[in-house]
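Chains as they are written, first to last, in our numbering: chain A, 2 to 117; chain B, 8 to 120. Just so it is clear, CB atoms sit at the ideal spot from N, CA and C, and this is done for glycine as well. The structure presented is a predicted model; accordingly, all values stated were derived computationally and were not measured. For reference, the structure is listed below as structure tokens.
Below is the structure:
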């Protein structure tokens, strides 16, 4: 089954304790992205990757890191989490869009993170 | 910069009522426009899209028309069902690449029997 998986689905942690949220897709997609969803703000892009070893900042990258060592995986790293990073996080993937044609983004089920 | 303004919610309708969720955008040029839907406990799914002015996207009884003159992409459905209860997001294609999307704030729809 074609899917985007995220782990963990729920996480409660404390300020300053490094954590990693994993994202994996089995559709051989070049493009992957991380979003955070907050009430009244919708989805905001954190980081994205157009291919292996190619990553770039989205709209709200502060406090986050990513890596893309393999095509299927795109982990989100919080080196020193703070309470303002409490949010619902979504990973997404798609084929790379070229020539103006848009390829649908497929979203994971989300990770609800609480930082105390 | 590019942005999407979406109708504030929540919206509560009775089954079989007519639905409109307003969406307007600000962008340079004519980006592709999208509606995504998020059912409870799930990730977002593409509902419909339109890639140029006057295009009409449609899916599952939902429709939206890309209106260049009013910079709008309103979502409509003639007769909603309880199963349509979800959060709906309007989005536009970003300038940094066709893959990157700007999302609106989302509108929660609840349909009651």
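Check whether the stretch 87-98 of chain A and the stretch 23-33 of chain A touch, using three or more Cβ-Cβ pairs below 8 Å as the test.
yes
Tell me which residues share the same chain as residue 27/A and place their Cβ nearer than 7 Å to its Cβ, disregarding the 5 neighbours each side in the sequence.
3, 4, 73
Less than 8 Å between the C-beta atoms of residue 78/B and residue 35/B, yes or no?
no
Starting from the C-beta of residue 17/A, find all residues in its chain whose C-beta is less than 6 Å away, skip the five residues before and the five after it, and write them out in chain order.
81
Option nearest residue 59/A by Cα separation, candidates 114/B, 108/B, 17/B, 115/B:
108/B
Quick one: Cα of residue 111/A to Cα of residue 7/A, how far?
7 Å
Of the residues that make up the stretch 38-60 of chain B, which ones have a beta carbon closer than 9 Å to any beta carbon in chain A?
39, 41, 43, 45, 48, 49, 50, 51, 52, 53, 56, 58
The stretch 61-76 of chain B in contact with the stretch 12-21 of chain B per 3-pair CB rule at 8 Å
no
For residue 91/B, does the three-state DSSP call read helix, strand or coil?
helix
Relative to the alpha-carbon of residue 82/B, which residue among 38/B, 92/B, 27/B has its alpha-carbon at the smallest distance?
27/B
Rounding to the nearest angstrom, what Cα-Cα distance links residue 22/B and residue 119/B in this structure?
6 Å
Using the three-state DSSP reduction, which class does residue 13/B fall into: helix, strand or coil?
strand
Excluding the 5 residues flanking residue 70/B on each side, which residues of the same chain have their C-beta closer than 8 Å to its C-beta?
55, 63, 64, 82, 83, 84
Closest Cα partner of residue 86/B within the set 68/B, 99/B, 80/B, 97/B:
68/B
Around the C-beta of residue 61/B, are 16 or more other C-beta atoms found within 10 angstroms, so that it is buried, or is it exposed?
exposed
Is there a C-beta anywhere in chain A that falls below 8 Å from the one on residue 113/B?
yes
Let me check one thing: in DSSP terms, what residues is residue 75/A bridge-paired to?
According to DSSP, residue 75/A bridges with nothing at all.
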